[in-house]
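Mapping the sequence shown onto this note's numbering, position 44 (from 1) lands on 490, and the numbers just tick up by one. All residues carry an ideal CB built from backbone N, CA and C; glycine is no exception. All remarks here apply to the structure that follows.
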Amino acid sequence: MAQKIVTIYTDDLTGKESQEAATHTFSLDGVAYEIDLGPDSYDQLLEALGPFVKAGRKTGKARKPRKASASTEDTAAIRAWAKEHGYAVSERGRVPAGIREAYAKTNK
447 MAQKIVTIYT DDLTGKESQE AATHTFSLDG VAYEIDLGPD SYDQLLEALG PFVKAGRKTG
507 KARKPRKASA STEDTAAIRA WAKEHGYAVS ERGRVPAGIR EAYAKTNK
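Put into structure tokens, the structure is as follows:
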């Protein structure tokens with residue numbers, strides 16, 4: 447059976463599909479947040495937070511943005527593949543490295 451996996455990146459603010467969406471993190475009052483935004487929505491976020499960022503102090507090293515949902519979509523594909531090939535994999539949490547490696551070897 448052939449299987450085709452399609453990854454669709456979506457802007458969390460607008461709900462629109464965007465190949466340019468990336469995951470951005472920020473925190474407020476000790477709670478960390480992640481949001482997937484296309485370029486226009488990210489510009490809105492920067493504009494809204496700009497005055498606060500200028501007045502604030504840095505407290506740690508920032509992480510670089512990563513491609514939105516890539517790891518989530520990859521993980522879903524790996525879980526589906528693992529189940530089809532007899533691997534025991536949970537519905538949630540980290541997929542074991544051995545399963546990821548086996549998936550990578552067969553899906554190059």
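Limits of the beta strand (DSSP E) - the one that residue i falls within
{"i": "residue 479", "result": "477-483"}
{"i": "residue 552", "result": "Where residue 552 is concerned, there is no enclosing beta strand (DSSP E), although the alpha helix (DSSP H) it sits in stretches over 543-552."}
{"i": "residue 468", "result": "468-474"}
Straight-line gap, residue i to residue j (C-alpha atoms, nearest Å)
{"i": "residue 455", "j": "residue 487", "result": "14 Å"}
{"i": "residue 500", "j": "residue 523", "result": "41 Å"}
{"i": "residue 527", "j": "residue 521", "result": "10 Å"}
{"i": "residue 485", "j": "residue 452", "result": "22 Å"}
Bridge-paired residues (DSSP) for residue i
{"i": "residue 456", "result": "463"}
For residue i, the nearest candidate out of the options (CA to CA)
{"i": "residue 465", "options": "478, 543, 544 and 483", "result": "483"}
{"i": "residue 498", "options": "530, 473 and 450", "result": "473"}
{"i": "residue 476", "options": "468, 449, 470 and 505", "result": "505"}
Is the region 456-463 touching the region 476-491, taking contact as three or more C-beta pairs under 8 Å? Touching, yes, given that three or more Cβ pairs across the two stretches are closer than 8 Å.
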